[in-house]
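S.K.: Numbering (this note's numbering), first residue to last: 406 to 664.
Ideal Cβ positions, reconstructed from N, Cα and C, are used throughout, including at glycine.
Model, not experiment: these values are computed from the prediction.
In structure tokens, the structure reads:
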């Protein structure tokens, strides 16, 4: 999910506890499967884990690794089935619950994501990732104000996570609160200058601020926002020139004239 940045956390989850076990108990196949996952050989990783299960070995880490591999292959059914198997073996585990929410939101399963988040937050109220996924699902279901309150709480635990700020900016944009959207997305772009989506969204916000100031007769402010919108959409195009959305936005914004 453009909003899923958990590969490092996944690797830690999959390796840490098993390193404390004797390797003879699981053989080298599991560790090779983790390595295959890390280098994006997802089918090979799945094959290795399944060979362990066939041999009668079983651990929550095995099912978690299967879930993450299937997730990367955009196979939601197998991904979520296996993360549930992992959770059966380690109920209410914080990492597994967080991973479940990540999988649900990446595959746009908003309702079950909301339901799971509402069960998880009381268990781990300080976990910013859980609140982020909750806010994302809420925003997609139109509960923008509730989503913003969850983002505020998530930011308290992870103030420099650009995803939180990007989502906050998108919500404010949808609410037509362009000034606050501008602040959030500028901050997000300062933390991640290589995201075409952030630059695209910031360009849209500044385009709207240009139009707003134009209606108010504020020529200087309007032209400043227009120049920034053009600069932002150029950065987005440089990063992802193949995106049809960015192409359309670029064509429209570049055609706008100063007052």
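Could you round the C-beta distance between residue 504 and residue 469 to whole angstroms and report it? I think they count as a contact, below 8 Å.
M.R.: Correct: roughly 7 Å between the Cβ atoms.
S.K.: Is residue 530 helix, strand or coil by DSSP?
M.R.: Three-state DSSP puts residue 530 in coil, outside helix and strand.
S.K.: First and last residue of the alpha helix (DSSP H) that includes residue 505?
M.R.: That run of the alpha helix (DSSP H) goes 499 to 511.
S.K.: Exposed or buried, residue 555, counting other C-beta atoms within 10 Å across all chains shown (16 or more means buried)?
M.R.: Buried, since its Cβ has 16 or more Cβ neighbours within 10 Å.
S.K.: What I want to know is whether the C-beta of residue 569 ends up closer than 6 Å to one or more non-hydrogen atoms of the ligand NAD.
M.R.: In the structure on display, the ligand NAD does not appear, and there are no ligands present to speak of.
S.K.: Near residue 539, which residues of its chain fall below 6 Å by C-beta distance, leaving aside the five closest residues on each side in sequence?
M.R.: Here the set comprises 522, 555.
S.K.: Alpha carbon to alpha carbon, how far is residue 488 from residue 473? Give it in angstroms, no decimals.
M.R.: Residue 473 and residue 488: Cα-Cα distance of roughly 8 Å.
S.K.: Determine the burial state of residue 544: buried for a count of at least 16 other Cβ atoms within 10 Å of its Cβ, exposed for fewer.
M.R.: Flag for residue 544 reads buried.
S.K.: Identify the continuous alpha helix (DSSP H) that holds residue 458 and give its terminal residues.
M.R.: It spans 447 to 459 - the alpha helix (DSSP H) in which residue 458 sits, taken as one unbroken run.
S.K.: If contacts are defined as beta-carbon pairs under 8 Å, then residue 495 and residue 465 qualify, I think. What distance do you get, rounded to the angstrom?
M.R.: At roughly 5 Å, the Cβ-Cβ gap stays under 8 Å, so residue 495 and residue 465 are in contact.
S.K.: What separation, rounded to the nearest whole angstrom, lies between the Cα atoms of residue 591 and residue 527?
M.R.: Cα-Cα distance, rounded: 32 Å.
S.K.: Can you tell me whether residue 441 is buried or exposed? The criterion is at least 16 other CB atoms within 10 Å of its CB, across all chains shown.
M.R.: So residue 441 ends up on the buried side.
S.K.: Taking DSSP as the reference, what is the three-state secondary structure of residue 607?
M.R.: It is helical.
S.K.: Assign residue 632 to buried or exposed, taking buried as 16 or more other Cβ atoms, counted over all protein chains shown, within 10 Å of its Cβ.
M.R.: The residue is exposed, with fewer than 16 neighbouring Cβ atoms inside 10 Å.
S.K.: For residue 461, does the count of other Cβ atoms within 10 angstroms reach 16, so buried, or fall short, so exposed?
M.R.: With fewer than 16 other Cβ atoms within 10 Å, it is exposed.
S.K.: Just mark residue 598 as buried or exposed, buried being the case when its beta carbon has 16 or more other beta carbons within 10 Å.
M.R.: So residue 598 ends up on the exposed side.
S.K.: Leaving aside the five residues before and after residue 586 along the sequence, list all residues of the same chain whose C-beta is less than 6 Å from its C-beta, in chain order.
M.R.: Once the five neighbours on either side are set aside, the close Cβ partners of residue 586 are 574, 577, 578, 610.
S.K.: For residue 549 and residue 559, I'd like the C-alpha separation in whole angstroms.
M.R.: Roughly 15 Å between the two C-alpha positions.
S.K.: Give the straight-line distance between the Cα atoms of residue 652 and residue 639, rounded to the nearest whole angstrom.
M.R.: Spanning the two alpha carbons is a distance of roughly 10 Å.
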